[in-house]
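Engineer: Residue numbers (the numbering used here): 15 to 429.
(1) What separation, rounded to the nearest whole angstrom, lies between the Cα atoms of residue 425 and residue 283?
(2) Given residue 26, which residues of its chain have a CB within under 6 Å of its CB, disregarding the five upstream and five downstream residues?
(3) Report the residue ranges of all alpha helix (DSSP H) runs contained in full by the stretch 401 to 428; include only those spanning at least 4 residues, in chain order.
(4) Just to confirm, are residue 127 and residue 84 a CB contact at a threshold of 7 Å?
(5) Measure the alpha-carbon distance for residue 410 versus residue 428 and round it to whole angstroms.
(6) Are the beta-carbon atoms belonging to residue 295 and residue 241 less than 7 Å from one another?
(7) Using the Cβ count rule (16 or more neighbours within 10 Å means buried), how would you classify residue 375?
(8) Cutting at 6 Å between CB atoms, please list the residues of its own chain near residue 115, excluding the five before and the five after it.
(9) In the DSSP assignment, find the unbroken alpha helix (DSSP H) run with residue 347 in it and report its ends.
(10) Which value, in whole angstroms, describes the spacing of the CA atoms of residue 44 and residue 52?
(11) I want to know whether the stretch 317 to 325 touches the stretch 297 to 305 - three or more CB-CB distances under 8 Å.
(12) Which residues mark the beginning and the end of the alpha helix (DSSP H) in which residue 148 is found?
(13) Distance check for residue 158 and residue 141, CA to CA, integer angstroms please.
(14) Indicate whether the contact test is met: 3 or more Cβ pairs, each with one atom in the stretch 46 to 61 and one in the stretch 240 to 256, closer than 8 Å.
(15) Could you tell me the distance, in whole angstroms, from the CA atom of residue 36 to the CA atom of residue 101?
(16) Let's see if you can read the secondary structure: which residues bound the alpha helix (DSSP H) around residue 352?
(17) Closer than 8 Å by C-beta to residue 395: which residues in its own chain qualify, once you throw out the five before and the five after it? Chain order, please.
(18) Please list the terminal residues of the continuous alpha helix (DSSP H) segment that includes residue 224.
(19) To test your reading of the DSSP string, which unbroken alpha helix (DSSP H) runs of 4 or more residues are found completely within the stretch 265 to 311?
(20) What separation, rounded to the nearest whole angstrom, lies between the Cα atoms of residue 60 and residue 122?
(21) Inspect the beta-carbon positions of residue 30 and residue 39 and report whether they are closer than 7 Å.
(22) Note down, in chain order, each residue of its chain lying with its Cβ closer than 7 Å to the Cβ of residue 256, except the 5 sequence neighbours on either side.
(23) Which of the three DSSP states, helix, strand or coil, is assigned to residue 88?
(24) From which residue to which residue does the beta strand (DSSP E) around residue 111 run?
(25) Give a yes or no on contact between the stretch 378 to 394 and the stretch 404 to 423, applying the rule of three or more CB pairs nearer than 8 Å.
(26) Mind the definition here: the stretch 367 to 381 touches the stretch 342 to 356 only if three or more C-beta pairs lie below 8 Å; say whether that holds.
(27) Would DSSP call residue 51 helix, strand or coil?
(28) Buried or exposed: residue 164, going by 16 or more other Cβ atoms within 10 Å of its Cβ?
(29) When the Cα atoms are used, what is the spatial distance from residue 133 to residue 330?
(30) Please go through the same chain and pick out, in chain order, the residues whose beta-carbon is closer than 7 Å to the beta-carbon of residue 92, but skip the five residues on each side of it.
(31) On the DSSP letters alone, give me the boundaries of the beta strand (DSSP E) that residue 245 sits inside.
(32) In the DSSP assignment, what residue or residues form a beta bridge with residue 69?
(33) Does the beta-carbon distance from residue 289 to residue 107 come in below 7 Å?
(34) Rank 221, 225, 230 by C-alpha distance to the C-alpha of residue 212 and give the top, closest one.
(35) Excluding five sequence neighbours on each side, which residues of the same chain lie with their C-beta closer than 6 Å to the C-beta of residue 75?
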(Lines of atoms letter the chains of each structure in order from A; the text may use other names.)
(Lines give C-alpha, C1' and ligand atoms only; values in the text may rest on other atoms or scores of the structure.)
Protein backbone atom coordinates (compact mmCIF):
# COMPACT_ATOMS: atom_id res chain seq x y z
CA UNK A 15 0.00 0.00 0.00
CA UNK A 16 1.28 3.46 -0.87
CA UNK A 17 2.08 5.55 2.21
CA UNK A 18 1.03 8.81 0.56
CA UNK A 19 -2.33 7.35 -0.40
CA UNK A 20 -2.94 6.09 3.14
CA UNK A 21 -1.83 9.45 4.54
CA UNK A 22 -4.31 11.16 2.23
CA UNK A 23 -7.08 8.83 3.39
CA UNK A 24 -6.19 9.63 7.00
CA UNK A 25 -6.40 13.38 6.34
CA UNK A 26 -9.80 12.99 4.68
CA UNK A 27 -11.11 10.84 7.54
CA UNK A 28 -9.80 13.29 10.16
CA UNK A 29 -11.37 16.24 8.35
CA UNK A 30 -14.68 14.39 8.03
CA UNK A 31 -14.59 13.45 11.73
CA UNK A 32 -14.04 17.08 12.74
CA UNK A 33 -16.95 18.27 10.62
CA UNK A 34 -19.46 15.53 11.43
CA UNK A 35 -18.20 14.56 14.90
CA UNK A 36 -19.06 10.98 13.94
CA UNK A 37 -17.66 8.59 16.62
CA UNK A 38 -16.87 5.92 14.01
CA UNK A 39 -14.87 8.34 11.90
CA UNK A 40 -13.07 9.65 14.99
CA UNK A 41 -12.01 6.13 16.00
CA UNK A 42 -11.00 5.33 12.43
CA UNK A 43 -8.90 8.50 12.33
CA UNK A 44 -7.09 7.54 15.53
CA UNK A 45 -6.41 4.05 14.18
CA UNK A 46 -5.08 5.35 10.88
CA UNK A 47 -2.94 7.93 12.64
CA UNK A 48 -1.49 5.31 14.98
CA UNK A 49 -0.75 2.90 12.12
CA UNK A 50 0.91 5.62 10.05
CA UNK A 51 2.96 6.91 12.97
CA UNK A 52 4.14 3.45 14.02
CA UNK A 53 4.93 2.46 10.41
CA UNK A 54 6.92 5.65 9.87
CA UNK A 55 8.92 5.06 13.07
CA UNK A 56 9.67 1.43 12.14
CA UNK A 57 10.72 2.49 8.64
CA UNK A 58 13.03 5.21 9.95
CA UNK A 59 14.66 2.76 12.36
CA UNK A 60 14.99 -0.06 9.79
CA UNK A 61 18.11 1.29 8.04
CA UNK A 62 19.77 2.90 11.05
CA UNK A 63 22.27 1.27 13.40
CA UNK A 64 23.06 -1.24 10.67
CA UNK A 65 26.63 -2.03 9.65
CA UNK A 66 27.35 -3.63 6.26
CA UNK A 67 30.83 -5.00 5.64
CA UNK A 68 32.20 -6.55 2.47
CA UNK A 69 35.54 -8.33 2.43
CA UNK A 70 37.32 -9.38 -0.76
CA UNK A 71 39.70 -12.33 -0.55
CA UNK A 72 41.97 -10.76 -3.19
CA UNK A 73 41.90 -7.63 -5.31
CA UNK A 74 42.68 -9.43 -8.55
CA UNK A 75 42.03 -12.61 -10.49
CA UNK A 76 42.22 -13.69 -14.13
CA UNK A 77 39.73 -14.87 -16.71
CA UNK A 78 38.65 -18.32 -15.55
CA UNK A 79 39.49 -17.50 -11.93
CA UNK A 80 37.09 -16.87 -9.06
CA UNK A 81 36.27 -13.58 -7.35
CA UNK A 82 35.18 -14.24 -3.76
CA UNK A 83 33.52 -11.77 -1.42
CA UNK A 84 32.20 -12.19 2.11
CA UNK A 85 29.28 -9.95 3.17
CA UNK A 86 28.30 -9.25 6.78
CA UNK A 87 25.20 -7.35 7.93
CA UNK A 88 25.30 -6.48 11.64
CA UNK A 89 22.36 -5.08 13.62
CA UNK A 90 23.87 -2.61 16.11
CA UNK A 91 20.48 -1.48 17.41
CA UNK A 92 18.38 -2.51 20.43
CA UNK A 93 15.42 -3.73 18.39
CA UNK A 94 15.16 -6.38 15.65
CA UNK A 95 15.24 -5.49 11.97
CA UNK A 96 12.15 -6.98 10.35
CA UNK A 97 13.61 -6.93 6.85
CA UNK A 98 16.50 -5.33 5.01
CA UNK A 99 17.35 -5.29 1.33
CA UNK A 100 21.07 -5.14 0.56
CA UNK A 101 21.33 -4.01 -3.07
CA UNK A 102 24.80 -4.12 -4.63
CA UNK A 103 25.77 -1.96 -7.62
CA UNK A 104 29.02 -3.69 -8.61
CA UNK A 105 29.72 -3.87 -12.35
CA UNK A 106 31.69 -7.14 -12.35
CA UNK A 107 29.79 -9.38 -14.83
CA UNK A 108 27.80 -12.12 -13.10
CA UNK A 109 28.52 -10.72 -9.63
CA UNK A 110 25.08 -10.67 -7.98
CA UNK A 111 25.57 -9.85 -4.31
CA UNK A 112 22.13 -8.40 -3.52
CA UNK A 113 20.22 -10.13 -0.72
CA UNK A 114 17.13 -9.68 1.45
CA UNK A 115 17.83 -10.17 5.15
CA UNK A 116 14.83 -10.82 7.41
CA UNK A 117 14.33 -11.10 11.18
CA UNK A 118 17.78 -9.82 12.16
CA UNK A 119 17.78 -9.66 15.95
CA UNK A 120 19.56 -7.02 18.05
CA UNK A 121 23.31 -7.60 18.11
CA UNK A 122 22.99 -10.38 15.53
CA UNK A 123 24.91 -10.70 12.28
CA UNK A 124 24.04 -12.33 8.96
CA UNK A 125 26.87 -13.52 6.70
CA UNK A 126 27.02 -14.89 3.16
CA UNK A 127 29.79 -15.65 0.70
CA UNK A 128 29.61 -14.92 -3.01
CA UNK A 129 31.86 -16.60 -5.57
CA UNK A 130 31.81 -15.31 -9.13
CA UNK A 131 33.50 -16.82 -12.16
CA UNK A 132 35.54 -14.13 -13.90
CA UNK A 133 34.60 -14.28 -17.57
CA UNK A 134 35.94 -11.01 -18.96
CA UNK A 135 39.14 -9.05 -18.33
CA UNK A 136 39.02 -5.48 -17.10
CA UNK A 137 38.98 -3.26 -14.03
CA UNK A 138 35.65 -3.35 -12.23
CA UNK A 139 34.00 -1.49 -9.39
CA UNK A 140 32.78 -3.35 -6.30
CA UNK A 141 30.01 -1.28 -4.72
CA UNK A 142 28.41 0.97 -3.74
CA UNK A 143 25.60 -0.62 -1.72
CA UNK A 144 22.06 0.61 -1.21
CA UNK A 145 20.44 -0.46 2.07
CA UNK A 146 16.63 -0.45 1.91
CA UNK A 147 14.06 -1.10 4.63
CA UNK A 148 10.46 -0.47 5.55
CA UNK A 149 7.55 -1.38 7.80
CA UNK A 150 5.85 -4.82 7.89
CA UNK A 151 2.73 -3.50 6.14
CA UNK A 152 4.68 -2.10 3.23
CA UNK A 153 3.30 1.39 3.72
CA UNK A 154 6.63 3.21 3.80
CA UNK A 155 10.05 2.46 2.37
CA UNK A 156 13.40 4.17 2.90
CA UNK A 157 16.90 3.79 1.47
CA UNK A 158 20.40 4.56 2.66
CA UNK A 159 23.40 4.80 0.34
CA UNK A 160 26.70 3.25 1.46
CA UNK A 161 29.20 4.92 -0.83
CA UNK A 162 32.59 3.21 -0.24
CA UNK A 163 33.76 1.25 -3.27
CA UNK A 164 36.85 -0.70 -4.28
CA UNK A 165 38.40 -1.83 -7.55
CA UNK A 166 38.78 -5.40 -8.74
CA UNK A 167 41.04 -6.26 -11.66
CA UNK A 168 40.58 -9.31 -13.86
CA UNK A 169 43.74 -10.21 -15.77
CA UNK A 170 43.48 -11.77 -19.24
CA UNK A 171 43.54 -15.53 -19.56
CA UNK A 172 47.02 -17.04 -19.75
CA UNK A 173 47.61 -20.53 -21.09
CA UNK A 174 50.50 -22.77 -20.12
CA UNK A 175 53.09 -22.99 -22.89
CA UNK A 176 55.38 -26.01 -23.11
CA UNK A 177 58.27 -26.47 -25.47
CA UNK A 178 58.04 -23.01 -27.01
CA UNK A 179 60.49 -22.77 -29.91
CA UNK A 180 60.84 -19.06 -30.57
CA UNK A 181 63.72 -17.09 -32.07
CA UNK A 182 65.83 -15.40 -29.43
CA UNK A 183 68.30 -12.57 -29.55
CA UNK A 184 71.64 -13.31 -27.91
CA UNK A 185 74.34 -11.09 -26.62
CA UNK A 186 77.79 -11.38 -28.16
CA UNK A 187 78.35 -14.93 -29.33
CA UNK A 188 75.38 -16.28 -27.40
CA UNK A 189 77.69 -17.17 -24.53
CA UNK A 190 77.28 -16.44 -20.85
CA UNK A 191 78.94 -13.12 -20.08
CA UNK A 192 81.73 -13.88 -17.61
CA UNK A 193 81.16 -10.72 -15.67
CA UNK A 194 79.68 -10.39 -12.23
CA UNK A 195 76.10 -9.06 -12.29
CA UNK A 196 74.91 -6.62 -9.66
CA UNK A 197 71.40 -8.11 -9.87
CA UNK A 198 69.96 -11.62 -9.79
CA UNK A 199 69.83 -13.51 -13.10
CA UNK A 200 69.09 -17.10 -14.05
CA UNK A 201 72.81 -17.91 -14.25
CA UNK A 202 74.61 -18.58 -10.97
CA UNK A 203 78.35 -17.98 -11.21
CA UNK A 204 79.26 -19.48 -7.86
CA UNK A 205 79.32 -18.68 -4.17
CA UNK A 206 81.45 -16.45 -1.97
CA UNK A 207 81.65 -15.55 1.69
CA UNK A 208 78.81 -13.39 2.95
CA UNK A 209 79.55 -9.66 3.11
CA UNK A 210 77.60 -7.02 5.05
CA UNK A 211 74.82 -5.64 2.85
CA UNK A 212 74.20 -8.84 0.87
CA UNK A 213 70.49 -9.65 0.48
CA UNK A 214 69.35 -12.65 2.51
CA UNK A 215 67.48 -14.10 -0.48
CA UNK A 216 70.88 -14.60 -2.17
CA UNK A 217 72.31 -16.75 0.61
CA UNK A 218 73.21 -20.25 -0.61
CA UNK A 219 71.90 -22.34 2.25
CA UNK A 220 73.40 -25.76 1.33
CA UNK A 221 76.94 -24.31 1.32
CA UNK A 222 76.16 -22.31 4.46
CA UNK A 223 75.04 -25.46 6.27
CA UNK A 224 78.03 -27.47 5.06
CA UNK A 225 80.67 -24.88 5.98
CA UNK A 226 78.85 -23.49 9.03
CA UNK A 227 79.09 -19.86 7.90
CA UNK A 228 77.13 -17.70 5.50
CA UNK A 229 77.81 -17.89 1.76
CA UNK A 230 76.19 -15.75 -0.94
CA UNK A 231 75.37 -16.65 -4.56
CA UNK A 232 77.01 -14.67 -7.37
CA UNK A 233 75.31 -14.21 -10.73
CA UNK A 234 76.43 -13.70 -14.32
CA UNK A 235 74.71 -11.77 -17.08
CA UNK A 236 72.01 -13.68 -18.95
CA UNK A 237 73.16 -14.42 -22.53
CA UNK A 238 69.61 -13.98 -23.85
CA UNK A 239 68.69 -10.33 -24.27
CA UNK A 240 65.33 -8.64 -23.77
CA UNK A 241 62.02 -9.89 -25.13
CA UNK A 242 59.58 -7.33 -26.49
CA UNK A 243 55.90 -8.09 -27.17
CA UNK A 244 54.19 -5.70 -29.58
CA UNK A 245 50.41 -6.01 -29.52
CA UNK A 246 48.59 -4.55 -32.54
CA UNK A 247 45.40 -2.81 -31.35
CA UNK A 248 44.53 -0.93 -34.54
CA UNK A 249 40.72 -0.75 -34.51
CA UNK A 250 40.62 -1.06 -38.31
CA UNK A 251 41.92 -4.64 -38.37
CA UNK A 252 40.11 -6.24 -35.43
CA UNK A 253 36.85 -8.14 -35.95
CA UNK A 254 34.39 -10.11 -33.84
CA UNK A 255 31.59 -9.29 -31.43
CA UNK A 256 31.65 -9.48 -27.65
CA UNK A 257 28.63 -11.53 -26.49
CA UNK A 258 26.74 -10.85 -23.30
CA UNK A 259 28.52 -12.56 -20.38
CA UNK A 260 26.87 -15.88 -19.54
CA UNK A 261 25.22 -16.27 -16.16
CA UNK A 262 26.05 -19.17 -13.86
CA UNK A 263 23.09 -21.51 -13.49
CA UNK A 264 24.15 -22.60 -9.99
CA UNK A 265 26.30 -21.20 -7.17
CA UNK A 266 29.99 -21.60 -7.79
CA UNK A 267 31.95 -23.95 -5.53
CA UNK A 268 35.71 -24.01 -5.18
CA UNK A 269 35.89 -27.68 -6.09
CA UNK A 270 33.82 -27.22 -9.23
CA UNK A 271 35.99 -26.25 -12.22
CA UNK A 272 34.16 -24.37 -14.97
CA UNK A 273 36.22 -23.69 -18.09
CA UNK A 274 35.73 -20.30 -19.70
CA UNK A 275 35.62 -19.87 -23.46
CA UNK A 276 37.35 -16.83 -24.91
CA UNK A 277 35.13 -14.17 -26.43
CA UNK A 278 35.08 -14.76 -30.22
CA UNK A 279 37.03 -11.62 -31.11
CA UNK A 280 40.48 -11.09 -32.54
CA UNK A 281 41.12 -8.63 -29.72
CA UNK A 282 40.61 -11.21 -26.99
CA UNK A 283 42.65 -13.92 -28.71
CA UNK A 284 45.48 -11.46 -29.39
CA UNK A 285 45.53 -10.27 -25.78
CA UNK A 286 45.49 -13.87 -24.53
CA UNK A 287 48.42 -14.77 -26.80
CA UNK A 288 50.41 -11.72 -25.66
CA UNK A 289 49.67 -12.39 -21.97
CA UNK A 290 50.59 -16.08 -22.26
CA UNK A 291 53.89 -15.36 -23.98
CA UNK A 292 54.77 -12.65 -21.45
CA UNK A 293 54.06 -14.91 -18.49
CA UNK A 294 55.96 -17.80 -20.09
CA UNK A 295 59.13 -15.78 -20.59
CA UNK A 296 58.90 -14.04 -17.22
CA UNK A 297 58.40 -17.37 -15.44
CA UNK A 298 61.59 -18.50 -17.16
CA UNK A 299 63.45 -15.56 -15.64
CA UNK A 300 63.67 -13.50 -18.83
CA UNK A 301 63.37 -9.74 -19.19
CA UNK A 302 60.13 -8.87 -21.00
CA UNK A 303 58.60 -5.59 -22.19
CA UNK A 304 55.28 -4.64 -23.78
CA UNK A 305 54.26 -2.10 -26.42
CA UNK A 306 50.66 -1.41 -27.46
CA UNK A 307 48.84 1.53 -29.03
CA UNK A 308 45.22 1.05 -27.94
CA UNK A 309 43.07 3.74 -26.37
CA UNK A 310 46.44 5.15 -25.32
CA UNK A 311 50.13 4.42 -25.92
CA UNK A 312 51.57 1.84 -23.54
CA UNK A 313 55.28 1.09 -23.24
CA UNK A 314 56.35 -1.19 -20.39
CA UNK A 315 60.14 -1.32 -20.32
CA UNK A 316 61.68 -4.82 -20.08
CA UNK A 317 62.17 -6.19 -16.59
CA UNK A 318 62.04 -9.45 -14.66
CA UNK A 319 60.06 -10.83 -11.74
CA UNK A 320 56.54 -10.99 -10.37
CA UNK A 321 56.17 -7.21 -10.32
CA UNK A 322 56.71 -7.19 -14.08
CA UNK A 323 54.10 -9.95 -14.48
CA UNK A 324 51.57 -7.81 -12.60
CA UNK A 325 52.54 -4.70 -14.56
CA UNK A 326 52.15 -6.32 -17.98
CA UNK A 327 48.97 -8.25 -17.15
CA UNK A 328 47.51 -5.16 -15.49
CA UNK A 329 47.98 -3.16 -18.68
CA UNK A 330 46.61 -5.97 -20.84
CA UNK A 331 43.53 -6.14 -18.61
CA UNK A 332 42.38 -2.68 -19.67
CA UNK A 333 43.74 -2.32 -23.20
CA UNK A 334 41.17 -2.26 -26.00
CA UNK A 335 41.36 -2.37 -29.79
CA UNK A 336 40.78 1.37 -30.04
CA UNK A 337 44.04 2.45 -31.67
CA UNK A 338 44.23 4.58 -34.80
CA UNK A 339 47.80 3.77 -35.84
CA UNK A 340 48.54 0.88 -38.19
CA UNK A 341 51.05 -1.80 -37.26
CA UNK A 342 53.54 -0.40 -39.79
CA UNK A 343 53.28 3.03 -38.15
CA UNK A 344 53.70 1.61 -34.64
CA UNK A 345 56.79 -0.35 -35.70
CA UNK A 346 58.27 2.79 -37.23
CA UNK A 347 57.57 4.94 -34.16
CA UNK A 348 58.80 2.38 -31.62
CA UNK A 349 61.74 0.93 -33.55
CA UNK A 350 64.22 2.79 -31.34
CA UNK A 351 63.19 0.55 -28.41
CA UNK A 352 64.45 -2.61 -30.15
CA UNK A 353 68.20 -2.72 -29.67
CA UNK A 354 70.58 -5.25 -31.13
CA UNK A 355 70.15 -8.84 -29.90
CA UNK A 356 66.62 -8.31 -28.58
CA UNK A 357 63.68 -10.52 -29.57
CA UNK A 358 60.46 -8.98 -30.89
CA UNK A 359 57.15 -10.87 -30.91
CA UNK A 360 54.41 -9.15 -32.92
CA UNK A 361 50.81 -10.20 -32.20
CA UNK A 362 48.38 -8.97 -34.86
CA UNK A 363 45.24 -9.84 -36.86
CA UNK A 364 46.22 -7.65 -39.82
CA UNK A 365 46.41 -9.09 -43.32
CA UNK A 366 48.49 -6.20 -44.66
CA UNK A 367 52.12 -6.83 -45.58
CA UNK A 368 53.65 -3.36 -45.35
CA UNK A 369 54.70 -3.89 -41.72
CA UNK A 370 56.82 -6.89 -42.75
CA UNK A 371 59.33 -4.44 -44.25
CA UNK A 372 59.71 -2.97 -40.78
CA UNK A 373 60.53 -6.41 -39.37
CA UNK A 374 63.09 -6.96 -42.14
CA UNK A 375 64.84 -3.70 -41.25
CA UNK A 376 64.92 -4.73 -37.60
CA UNK A 377 66.38 -8.10 -38.54
CA UNK A 378 69.20 -6.33 -40.38
CA UNK A 379 69.92 -4.53 -37.10
CA UNK A 380 70.19 -7.84 -35.23
CA UNK A 381 66.67 -8.03 -33.81
CA UNK A 382 65.16 -11.53 -33.90
CA UNK A 383 61.43 -11.52 -34.62
CA UNK A 384 58.35 -13.71 -34.61
CA UNK A 385 54.85 -12.94 -35.90
CA UNK A 386 51.77 -14.32 -34.15
CA UNK A 387 48.89 -13.92 -36.61
CA UNK A 388 45.33 -14.07 -35.34
CA UNK A 389 43.33 -15.36 -38.31
CA UNK A 390 40.71 -12.62 -38.63
CA UNK A 391 38.71 -14.47 -41.29
CA UNK A 392 37.66 -17.05 -38.67
CA UNK A 393 36.10 -14.33 -36.49
CA UNK A 394 34.12 -12.40 -39.09
CA UNK A 395 34.25 -10.75 -42.47
CA UNK A 396 37.97 -10.31 -43.15
CA UNK A 397 40.55 -11.45 -45.72
CA UNK A 398 42.60 -14.60 -45.17
CA UNK A 399 46.03 -14.40 -43.53
CA UNK A 400 47.60 -16.95 -45.87
CA UNK A 401 49.16 -14.21 -48.01
CA UNK A 402 50.71 -12.65 -44.91
CA UNK A 403 52.06 -16.03 -43.78
CA UNK A 404 53.63 -16.56 -47.21
CA UNK A 405 55.19 -13.09 -47.21
CA UNK A 406 56.69 -13.69 -43.77
CA UNK A 407 58.08 -17.06 -44.83
CA UNK A 408 59.61 -15.52 -47.96
CA UNK A 409 61.59 -13.15 -45.75
CA UNK A 410 62.62 -15.85 -43.29
CA UNK A 411 60.42 -14.57 -40.47
CA UNK A 412 58.78 -17.39 -38.48
CA UNK A 413 55.07 -17.13 -37.70
CA UNK A 414 52.30 -18.77 -35.70
CA UNK A 415 48.63 -18.81 -36.70
CA UNK A 416 45.85 -18.59 -34.09
CA UNK A 417 42.28 -19.29 -35.20
CA UNK A 418 38.89 -18.78 -33.57
CA UNK A 419 38.07 -21.69 -31.26
CA UNK A 420 41.57 -23.17 -31.55
CA UNK A 421 43.80 -24.14 -28.65
CA UNK A 422 45.93 -21.02 -28.13
CA UNK A 423 48.70 -22.96 -26.38
CA UNK A 424 48.96 -25.47 -29.24
CA UNK A 425 48.97 -22.68 -31.83
CA UNK A 426 51.78 -20.80 -30.09
CA UNK A 427 53.99 -23.84 -29.54
CA UNK A 428 53.61 -25.38 -33.00
CA UNK A 429 56.53 -24.71 -35.28
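From the three backbone atoms N, C-alpha and C, an ideal C-beta is built for every residue, glycine too.
Structural biologist: The structure says:
(1) Taking the straight line joining both Cα atoms gives about 11 Å.
(2) none
(3) 422 to 427
(4) yes
(5) 17 Å
(6) yes
(7) Label assigned to residue 375: exposed.
(8) 87, 98, 124
(9) Start and end: 341 to 348.
(10) Here the alpha carbons of residue 52 and residue 44 stand approximately 12 Å from one another.
(11) Yes, the stretch 317 to 325 touches the stretch 297 to 305.
(12) From DSSP, residue 148 is part of no alpha helix (DSSP H) but of the beta strand (DSSP E) over 143 to 148.
(13) Cα to Cα, the separation comes out at about 13 Å.
(14) Here the stretch 46 to 61 makes no contact with the stretch 240 to 256; the two share fewer than three CB pairs at distances below 8 Å.
(15) Each residue's CA atom was taken as its position, placing residue 36 and residue 101 some 46 Å apart.
(16) Segment: none, residue 352 is in no alpha helix (DSSP H) and carries neither H nor E.
(17) 253
(18) 219 to 225
(19) 280 to 297
(20) A direct Cα-Cα distance of roughly 14 Å separates residue 60 from residue 122.
(21) Yes.
(22) 277, 279
(23) strand
(24) Residue 111 -> no beta strand (DSSP E), and no H or E assigned at all.
(25) yes
(26) yes
(27) The answer is helix: DSSP assigns residue 51 an H, G or I state.
(28) exposed
(29) 15 Å
(30) 120
(31) 241 to 245
(32) 84
(33) no
(34) 230
(35) 81, 132, 168
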